[in-house]
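J.:
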DNA sequence: ACCTGGATGTGGCCACTGTCAACATCTCGG
DNA sequence: CCGAGATGTTGACAGTGGCCACATCCAGGT
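Chains as they are written, first to last, in our numbering: chain B, 17 to 221; chain A, 17 to 221.
(1) With a threshold of 8 Å, are at least 3 pairs of Cβ atoms found where one atom belongs to the region 102-115 of chain A and the other to the region 57-74 of chain A?
(2) In its own chain, which residues sit with a C-beta less than 6 Å from the C-beta of residue 28 of chain B, not counting the 5 before and 5 after it?
(3) Is residue 204 of chain A helix, strand or coil by DSSP?
(4) Alpha carbons only, please: which of A/106, A/151, A/206 and A/94 is nearest the one belonging to residue 167 of chain A?
(5) Starting from the beta carbon of residue 212 of chain A, find every residue of chain B whose beta carbon is closer than 7 Å, and list them in chain order.
(6) So what does DSSP say about residue 68 of chain A, is it helix, strand or coil?
(7) Kindly indicate the opening and closing residues of the alpha helix (DSSP H) around residue 118 of chain A.
(8) Along chain A, in chain order, which residues have C-beta atoms closer than 9 Å to that of residue 148 of chain B?
(9) Is residue 86 of chain B near residue 155 of chain B, with beta carbons less than 9 Å apart?
(10) Give a yes or no on whether the minimum CB-CB distance between residue 67 of chain A and chain B is below 9 Å.
(11) Have a look at residue 76 of chain B and residue 123 of chain A and give me their C-alpha separation to the nearest angstrom.
(12) Pick out the complete alpha helix (DSSP H) segments inside the region 136-196 of chain B, 4 residues or longer, and give them in chain order.
(13) Would you say residue 131 of chain A faces chain B, with C-beta separation under 9 Å as the test?
(14) Can you list, in chain order, the residues of its chain with a C-beta nearer than 8 Å to that of residue 26 of chain B? Leave out the 5 residues immediately preceding and following it.
(15) So, under 8 Å CB-CB, residue 182 of chain A and residue 191 of chain B are touching, yes? Tell me the CB distance rounded to an integer number of Å.
(16) Can you tell me where the alpha helix (DSSP H) holding residue 46 of chain A begins and where it ends?
(17) Three-state secondary structure (DSSP) at residue 57 of chain B?
(18) Please work out which residues of its chain come closer than 8 Å, Cβ to Cβ, to residue 93 of chain A, disregarding the five sequence neighbours upstream and downstream, and give them in chain order.
(19) For residue 97 of chain A, name the three-state secondary structure that DSSP assigns.
(20) What is the rounded straight-line gap between the Cα of residue 97 of chain B and the Cα of residue 103 of chain B?
(21) Examine chain A for any beta-carbon lying closer than 9 Å to the beta-carbon of residue 3 of chain B, and answer yes or no.
(22) Alpha carbon to alpha carbon, how far is residue 219 of chain A from residue 61 of chain A?
(23) For residue 43 of chain B, go through chain A and note every residue whose CB falls closer than 7 Å to its CB, in chain order.
(24) Using a Cβ cut-off of 9 Å (strictly closer), state whether residue 218 of chain B contacts chain A.
(25) Using a Cβ cut-off of 9 Å (strictly closer), state whether residue 101 of chain A contacts chain B.
(26) Which of helix, strand or coil does DSSP assign to residue 218 of chain B?
(27) When you compare only the Cα positions, how much space is there between residue 48 of chain B and residue 46 of chain A?
(28) Roughly how many whole angstroms lie between the Cα atoms of residue 129 of chain B and residue 197 of chain A?
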C-alpha cells in the first residue's frame with residue numbers, strides 16, 4: 017500500500033511532456049490546462065506553481081517543437097552526400113525546405129504551437145535571430161550562404177532569399193494543413209511541393 | 017417612449033456585421049457569440065435562430081472576408097495599364113500577389129477568419145475550386161494563364177505555378193502577421209516582399 | 001531531535017464561454 | 001380574428017483559465 021507521494025518529483029517536465037502530447041494530437045487549442053493536469057495525475061492548479069499561465073506552458077511546448085524541427089532539418093541535410101559544391105549546396109537547400117514541410121505535415125499540432133509563439137526581438141523591435149547560431153532560421157541562412165559561396169546564387173539575390181524560401185515552404189505547409197489544399201491526395205501534394213521547390217530554386221539563380 | 021420592437025427585423029445580417037467587426041479587431045477568437053449578441057443588442061441565444069452554431073456564423077464572416085480579398089485583388093489588377101502583353105501579364109501577376117499580402121496586413125482578423133474556414137471539395141475530397149470562376153484562387157489562375165498566353169511563362173512550368181505563387185504570398189503574410197517577421201519595420205517588410213516577388217517571378221521564366 | 005519557513009500541491013471559487021430546452025412574444029395567412 | 005410558425009428571451013449546464021486560501025512536505029539551522 018504505497019500512497020502516492022504528495023510531491024510529484026519533476027512535475028514541470030511531466031507537464032510539458034503531457035502538454036506536448038496534447039498539442040501533437042489536438043493542436044494548440046487542445047492544450048487545456050485542466051486536461052494536462054488530469055493526465056499528469058495532479059490537481060488543476062498544480063501547474064501554476066511552475067508556469068505563470070497557460071501561455072507560458074505553451075511556450076515550453078513551442079520550444080520543444082522548434083527543437084524537433086531543427087533536428088529534422090539537420091538530419092535531412094546530413095543525407096546529402098554530393099561532392100560538387102554547387103550541386104551540393106542546391107540539394108541541401110532543397111532538403112531544408114522539404115524537411116520543413118515534412119515536419120509540418122507529420123506534426124501539425126507541434127508545428128502550429130511552435131509557430132504561434134512569440135519570437136525574439138532586438139531593442140528596436142525587429143526580429144533578432146539574424147545572429148542566432150541555432151534554430152531553423154539560422155540553418156536556412158547557413159545553407160543559403162553555402163550556396164552563395166559555391167557560386168550557385170548571385171550575391172545580389174542573397175538578401176531576401178531567406179524570407180522568400182521560408183515564406184514558400186511555410187505558406188505551402190499552411191495551405192496543406194489548414195487551407196484549401198487540406199484534402200489534396202498525397203501524390204498530388206508531393207508533386208506540387210516539388211514544383212514549388214523547382215520554381216523557387218530557379219528564382220535563385 | 018417607443019419600446020424597442022421584440023423582433024429585430026434583420027438580425028441575421030446584423031449579427032454577421034457585428035461578428036465581422038469583432039473579427040477585424042480581435043481575430044477569430046474575438047468572435048465570441050455572446051459578445052456579438054450583446055453588441056447587436058439582443059439576447060445571448062438569439063443567434064441560434066439564424067446559425068446552427070458559432071462556426072456557421074464564422075463561416076459567414078469568412079465569406080465576407082473572401083469577397084473583400086477578391087475585390088481588393090481586382091481593384092489592384094485594374095491599375096495595370098501596360099500595353100505589351102507579356103509585361104502586362106507579369107505586372108498583373110505581381111499586383112495579384114501584392115494585393116494578397118496587402119489585404120492580409122490591412123485586415124489581419126478578417127484574413128485569418130477567411131483562411132481558416134472549410135474549403136469546397138469535390139467528390140474525391142480534393143479541392144474543388146479549379147473550375148471556379150470567382151474567388152482569389154480563380155483570379156490567380158486567370159492571371160497565370162494570361163502570362164502563359166503572352167509567352168512569359170513556359171507551359172511546362174504552368175502546373176504548380178499557382179500553388180507556388182499562393183504559398184509564397186500566403187507564407188509571407190503569415191510570417192509577418194503571426195510569425196518571426198511580426199515586428200519588422202514597414203520599409204524592411206516592403207523590401208522583403210519585393211525581393212520575394214522578384215525571386216518568384218524569376219522562377220517563372 | 002526539533003521546528004520553522006519556503007516550495008509544492010489541493011480544493012473552492014469566480015467570470016466567462018458555447019449550447020440546449022422551455023417559455024414568451026410577435027407576425028402573417030387562412 | 002386567431003392560431004401556427006418564426007423569432008427572441010430566460011435559465012441552466014458543463015467546460016474553461018485564473019485567483020485565493022489552505023494543506024502538505026522537505027531541508028536547513030539550532
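Here a beta-carbon is modelled for each residue, glycine too, at the ideal position from N, C-alpha and C. Computed from a prediction, not measured in an experiment: that's the story for all the values here.
T.: Reading from the atomic positions:
(1) no
(2) Working through the first chain from its first residue, we reach residue 28 of chain B at position 12. Result list for residue 28 of chain B: 66, in chain order.
(3) In the second chain, residue 204 of chain A corresponds to position 188, counting from 1. Note: residue 204 of chain A maps to helix in three-state DSSP.
(4) Working through the second chain from its first residue, we reach residue 167 of chain A at position 151. The residue with the shortest Cα to Cα distance from residue 167 of chain A is A/106.
(5) Walking along the second chain from the start, residue 212 of chain A turns up at place 196. 176, 179, 180 and 183, listed in chain order.
(6) By 1-based counting over the second chain, the position of residue 68 of chain A is 52. In the structure shown, residue 68 of chain A sits in coil (DSSP, three-state: anything other than H, G, I, E or B).
(7) Start at 1 with the first residue of the second chain, and residue 118 of chain A comes out as number 102. From DSSP, the alpha helix (DSSP H) with residue 118 of chain A extends over 101-122.
(8) Walking along the first chain from the start, residue 148 of chain B turns up at place 132. What residue 148 of chain B touches in chain A: nothing, since even the nearest Cβ is about 11 Å away.
(9) Working through the first chain from its first residue, we reach residue 86 of chain B at position 70. Working through the first chain from its first residue, we reach residue 155 of chain B at position 139. Contact: yes.
(10) Residue 67 of chain A sits at position 51 when you count from the first residue of the second chain. Cβ-Cβ to chain B under 9 Å: no for residue 67 of chain A.
(11) Here the question's residue 76 of chain B lines up with position 60 in the first chain. Here the question's residue 123 of chain A lines up with position 107 in the second chain. Their Cα atoms are separated by approximately 30 Å.
(12) 152-165 and 177-193
(13) Numbered from its first residue, the second chain carries residue 131 of chain A at position 115. With 9 Å as the cut-off, residue 131 of chain A counts as an interface residue toward chain B.
(14) In the first chain, the residue the question calls residue 26 of chain B occupies position 10. Nothing listed; no residue qualifies.
(15) Position 166 of the second chain, counting from 1, holds the residue named residue 182 of chain A. Position 175 of the first chain, counting from 1, holds the residue named residue 191 of chain B. Their Cβ separation, rounded to whole angstroms, is 6 Å, which keeps residue 182 of chain A and residue 191 of chain B in contact under 8 Å.
(16) Counting from 1 along the second chain, the entry for residue 46 of chain A is found at position 30. From DSSP, the alpha helix (DSSP H) with residue 46 of chain A extends over 27-46.
(17) Taking the first chain and counting its residues from 1, the one referred to as residue 57 of chain B is at position 41. In this structure, residue 57 of chain B counts as coil in the three-state DSSP scheme.
(18) By 1-based counting over the second chain, the position of residue 93 of chain A is 77. Taken in chain order, the residues that qualify are 108, 111, 112, 115, 155 and 159.
(19) Counted from its first residue, the second chain places residue 97 of chain A at position 81. Here residue 97 of chain A sits in coil by DSSP.
(20) As a first step, residue 97 of chain B is located in the first chain; it is residue number 81 there, counting from the start. As a first step, residue 103 of chain B is located in the first chain; it is residue number 87 there, counting from the start. Each residue's alpha carbon lies about 10 Å from the other.
(21) Any question about residue 3 of chain B goes unanswered here, given that chain B covers just 17 to 221.
(22) Position 203 of the second chain, counting from 1, holds the residue named residue 219 of chain A. Position 45 of the second chain, counting from 1, holds the residue named residue 61 of chain A. The alpha-carbon atoms of residue 219 of chain A and residue 61 of chain A are separated by roughly 53 Å.
(23) As a position in the first chain, residue 43 of chain B is number 27, starting the count at 1. Near residue 43 of chain B there are no residues of chain A at all, since even the closest Cβ is about 12 Å away, more than 7 Å.
(24) The residue you call residue 218 of chain B lines up with position 202 of the first chain. At least one chain A Cβ lies under 9 Å of residue 218 of chain B.
(25) Numbered from 1 along the second chain, position 85 holds the residue referred to as residue 101 of chain A. Output row for residue 101 of chain A: interface = no.
(26) Indexing the first chain from 1 puts residue 218 of chain B at position 202. Helix, per DSSP.
(27) Counting from 1 along the first chain, the entry for residue 48 of chain B is found at position 32. Counting from 1 along the second chain, the entry for residue 46 of chain A is found at position 30. Approximately 18 Å, taken between the alpha carbons.
(28) Numbered from its first residue, the first chain carries residue 129 of chain B at position 113. Numbered from its first residue, the second chain carries residue 197 of chain A at position 181. Each residue's alpha carbon lies about 17 Å from the other.
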